[in-house]
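Just so we're aligned: the sequence shown equals residues 563 to 922 in our numbering. Heads up, the beta-carbon is just placed ideally off N, CA and C, and yes, glycines get one too. See below for the structure under consideration.
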Amino acid sequence: MGIRHGAEMTTFEMRFIALRCKDTIAPTGTLAQGVGAKQVNSLGEVYETKYGISTSERVYGTVAENLEGRGPCYLRTEGISAEQEESLLKAYLNMAPSQTIRWLENETPSKANVEIEGTEPYIVGGHTASGYWVDTKRATSIEGLYAAGDVAGGCPQKYVTGALAEGEIAAKSAVEYIKASPAPRQAQGPDARFKVAEPAEATIKDAEIARHVAEIETYLSQKNSLYTTEQLEEAMQIAMDEYAGGITTGYGYTEKHLNIAKEKIDDIESLTGKLSATDLQEVMYIYELKERLTVCKSVIAHLATRHETRWHSFAENWDYPEKDNIHWRKYVNSRLVNGEIKTFTRELTAEGQKNYEHQH
C-alpha cells in the first residue's frame, strides 16, 4: 500500500532465500547450531567452508554443488548421540512438526543425513533489508506513517527481537507525532460525545470513495471473465520464478531475464481489470493480486538497478557476478511515479554520523 501511495522504499533487490529441510521446508538452523551439523555434498565432502557460512552463502553453496553434479546436499547428522536426536525431535515437534513426523515415518536424524534445499525468494525486511525507507524514529517518507519489523527497510536480520524493539520505537514516535499535531476538530451531532473527528486534511475525499466503490462494483458485475484471479496469480509466480531469479534458474538472472519478467508482469497487471468476483471475499483476492504485482514490479526494478552481485543467491546477477564496492556500496531506493517504479541510490551513512533522519 505504501508503494502505491508514493512512499520511498529501499533494498527490494535483497530478497530472502531460506535454506530448509527438503520437502518439509523446516528450518535448518537448529540442526547446524544445535548439533553442529555440517553441510555436505553427495560425496560426503564438507562444502560450507568453501562458499562461506552466512545465510545467503549457505544457499549459494548448496545451489552450486547441485549444479556442478555433487548433489544432493545434506546436513550431516548421521552418528549423533541419542540425547542429541531426542532434542532435535522435540525441537522440531514444537516449531516444524512435519519434520519430526517425517523422521518417525522414515529414518531418524542419527541414522540418515537431512537433505536440504533453498526456498523460493521472499520479500521480508525482518530477514533482509527490503521495505520502507525510514529514519531513526522509524518514520517513513509519508508524514504520519511509521514502519517496523518486516516492512521497515535498511536493517537486515533483525528477526523477532529486533522487530519488537523497532515496534516500540515506531509506537513511541507515532505518539510523539500525534501529541505535536493540531488538536482534532470537535465532532458535532447527537452522538458527538462518542466521536473524535479527524482533522479535515486527514479525511478521505468523497470522489476517492466513489472511485473505489465503482471499481468494486465493476468486479462484482463482470461475468464470464476469461481468467480467474488464481490463474493470474499462478502466472505471476511462474514469471517471477523463471525470469526474476527464482528456483528454476538457481536464483540467477540477467538484464534480458528481467526485461521479460517486467513485460509479463505488466501484461498480467493489465488483465486484472477484467476479473470478476461473486462476493467481497473474491474482491479481496483481486486486490491482493494487484498489490503482489506491485511488489513484483518493485523487485524487478531494484534487481535491474544494482549492477553487481552483493548477496549470492539473494541477488545473483549473472551480468555482474562480482561485488563492486566502488560503485555500489549504497542503497538502491525507489518510488512509484505515474505508474512506474523509479529507482535511485542513497549514500550510506558512516558510523558515528548523525544524519540518519530524512534529509529529502
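C-beta atoms of residue i and residue j nearer than 8 Å
i	j	result
S787	K836	yes
K720	E728	yes
A691	A710	no
E640	K673	yes
R577	P683	yes
G688	T572	no
I565	T856	yes
I663	Y813	no
H874	S618	yes
R632	S604	yes
C-alpha distance - residue i paired with residue j, whole-angstrom precision
i	j	result
T611	A736	45 Å
H774	P883	45 Å
F574	E645	42 Å
F756	E738	For F756, the predicted model reports a pLDDT of 48, less than 50, meaning its position is unreliable; a value from the coordinates is still stated below. Taking the straight line from one Cα to the other gives about 24 Å.
S660	T586	6 Å
E923	I848	The requested residue 923 is not part of the displayed model; the chain covers only 563 to 922.
K904	T871	21 Å
L666	P589	17 Å
A714	E705	15 Å
I766	A772	10 Å
E680	Y893	According to the sequence displayed, residue 680 carries Gly and not Glu. Taking the straight line from one Cα to the other gives about 26 Å.
H889	W695	21 Å
A866	L898	16 Å
M657	E792	30 Å
Which of helix, strand or coil DSSP assigns to residue i
i	result
K741	helix
Y847	helix
S643	coil
Y882	coil
Y613	helix
T907	strand
K785	coil
S618	helix
T572	strand
R773	helix
P659	helix
S649	helix
Y654	helix
E804	helix
E630	coil
Other residues of its chain near residue i: CB distance less than 6 Å, five sequence neighbours each side excluded
i	result
E804	T810
K826	A801
N821	none
A653	T592
Same chain, Cβ closer than 7 Å to residue i, five either side skipped, listed in chain order
i	result
W823	One point to set straight first is that residue 823 is Ala, not Trp, in the sequence displayed. Cβ neighbours of A823 beyond the five flanking positions: A801, M802, Y805, A806, I862.
R620	L581, Q601, E610
I615	none
V676	C583, L593, Y636, L637, T639
V625	G680, G812, Y813, S875
Nonlocal neighbours in the same chain, by C-beta distance under 8 Å from residue i, ignoring five residues either side
i	result
T816	N879, W880, D881
L794	I830, L833, T834, L837, L851
For this session: Tell me the start and end of each unbroken alpha helix (DSSP H) in the stretch 829–876 that is at least 4 residues and wholly inside, in chain order.
Result: Listed in chain order, the complete alpha helix (DSSP H) runs (minimum 4 residues) inside the stretch 829–876 are 842–867.
Exercise. Which ranges does the alpha helix (DSSP H) cover as unbroken runs of at least 4 residues, wholly within the stretch 701–737, from first to last along the chain?
Worked result: none
Problem set entry | Residue ranges of each alpha helix (DSSP H) within the stretch 661–706, 4 or longer | none
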